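J.: In our numbering, the protein residues as written are 702 to 1017.
Yeah, the Cβ is synthetic: ideal placement off N, Cα and C, and Gly gets one too.
Source: prediction; values computed, not measured.
I have a structure I would like to understand better, so I am pasting it below and will then ask my questions one at a time.
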């Protein structure tokens, strides 16, 4: 077997996060509230996934679109510091880098996103040469990438034909249309990674059982994240359930699902047993919640190992 240059190619959105934390309530029209803390950091579901996956030890490359501005410079610098290959990232000559402003109130959050250059990334931006350099393709946040979404099934099909395994975390739909062609898309995806609300919205149902029944015949592997309720894995043969690693001192939940994905895919590309992938995903999601923001708990592999040992009695 030919060893690929990268374990995982991540295709997705890139933006900066401005996080306002320690609020005494959500903002309301005509009223000013104060934040106790401000965090300015690498954002976006895809970038958090890529950064934390690289910290865990996978070889990761990123294909996305940013502007030729200071925010874009920071994104490249922060990804590179975490060992992510940024040579495939496109710098737009017409659009600014996107930014998300997040308002944290307890374990809940509200967000406002300016998409900017992320609107320009399409499936055609991802060449067969890029795909062939990796063993696995991961895509996230399709509803935030209007140029990428129409060619998504074709992108996954090309990856599969080139011998890659694939994964998709759909994330939320700000327009609330939830218009993915699941019967056409899911057979092309090795691992489908929605949370429970996303799954229900995509299928038009109100429970896991009904949603699972509606798409079961189209699935390969599916992992459904349920926050403090843990996660459910459909292996293609059976359902496996994983309790959450509970953190009693949550800093915030930004990026917890992305970190879960990173843990799961890190073990998955190593061909580890499905139950081990599921447990490690849950652990990484919990580790994420011990620090503010999506990447700060994943400062280094040693830092992750120390949090796992101290907080969750888990030895990496």
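Nearest to residue 749 by CA position, among 915, 731, 1009, 960, is which residue?
T.: The shortest C-alpha separation from residue 749 is found at 960.
J.: Please classify residue 741 as buried or exposed, where buried requires at least 16 neighbouring CB atoms within 10 angstroms.
T.: That one is exposed.
J.: List the endpoints of the continuous alpha helix (DSSP H) containing residue 727.
T.: Per DSSP, residue 727 belongs to no alpha helix (DSSP H) and is neither H nor E.
J.: Report the CB separation of residue 837 from residue 708 in whole angstroms; it is logged as a contact under 8 Å.
T.: Contact flag correct, Cβ pair sits at about 6 Å.
J.: Check the DSSP bridge columns for residue 840 and list the partner residues they point to.
T.: Residue 840 is bridged to 712, 869.
J.: Mind checking residue 737: buried by the 16 CB within 10 Å criterion, or exposed?
T.: Flag for residue 737 reads exposed.
J.: Would the C-beta of residue 944 count as close to the ligand GTP, meaning under 8 Å from any of its heavy atoms?
T.: Absent from the structure shown: the ligand GTP. Ligands present: none.
J.: In angstroms with no decimal places, state the Cα-to-Cα distance between residue 891 and residue 868.
T.: Using only the alpha carbons, I get a separation of about 6 Å.
J.: DSSP three-state call for residue 785: helix, strand or coil?
T.: Looking at residue 785 - three-state DSSP - the assignment turns out to be coil, as it is neither helix nor strand.
J.: Tell me the rounded alpha-carbon separation between residue 755 and residue 938.
T.: One C-alpha to the other measures close to 30 Å.
J.: Rounded to whole angstroms, what is the Cα-Cα separation between residue 1013 and residue 825?
T.: Each residue's alpha carbon lies about 43 Å from the other.
J.: So, under 8 Å CB-CB, residue 983 and residue 932 are touching, yes? Tell me the CB distance rounded to an integer number of Å.
T.: Correct: roughly 6 Å between the Cβ atoms.
J.: I think residue 765 touches residue 713, with their Cβ atoms under 8 Å apart; what is that distance to the nearest whole Å?
T.: Right, their Cβ atoms sit about 6 Å apart.
J.: Using 8 Å as the threshold, is the region 724-737 in touch with the region 852-864, meaning 3 or more CB pairs across them?
T.: No: fewer than three Cβ pairs fall under 8 Å.
J.: Hey, does residue 875 have any beta-carbon neighbour from chain C nearer than 9 Å?
T.: Considering every chain present, this structure includes no chain C. It has just one protein chain.
J.: Would you mind working out which of 906, 1001, 936, 830 sits nearest residue 920, comparing C-alpha positions?
T.: With distances taken between Cα atoms, residue 920 lies closest to 936.
J.: According to the Cβ coordinates, are residue 946 and residue 965 closer than 9 Å?
T.: No, the pair does not count as a contact, with Cβ atoms beyond the cut-off.
J.: Could you compute how far the alpha carbon of residue 850 sits from the alpha carbon of residue 843?
T.: Residue 850 and residue 843: Cα-Cα distance of roughly 6 Å.
J.: Would you say residue 969 and residue 753 are within 9 Å of each other, going by their C-beta atoms?
T.: No.
J.: Tell me which same chain residues have a C-beta within less than 7 Å of the C-beta of residue 975, skipping the five on either side of it?
T.: Same-chain partners within the cutoff: 934, 936, 941.
J.: Classify residue 815 as helix, strand or coil using the three-state DSSP reduction.
T.: Here residue 815 sits in strand by DSSP.
J.: Give me the residue from 1009, 1003, 1001 with the minimum Cα distance to residue 991.
T.: Residue 991 has its Cα closest to that of 1009, out of 1009, 1003, 1001.
J.: When the Cα atoms are used, what is the spatial distance from residue 907 to residue 922?
T.: Rounded to whole angstroms, residue 907 to residue 922 spans 21 Å at the Cα level.
J.: Does the separation of the CB atoms of residue 801 and residue 716 fall below 9 Å?
T.: In this structure, residue 716 lies closer than 9 Å to residue 801 by Cβ.
J.: By the three-class DSSP mapping on this structure, what secondary structure does residue 1001 have?
T.: In this structure, residue 1001 counts as coil in the three-state DSSP scheme.
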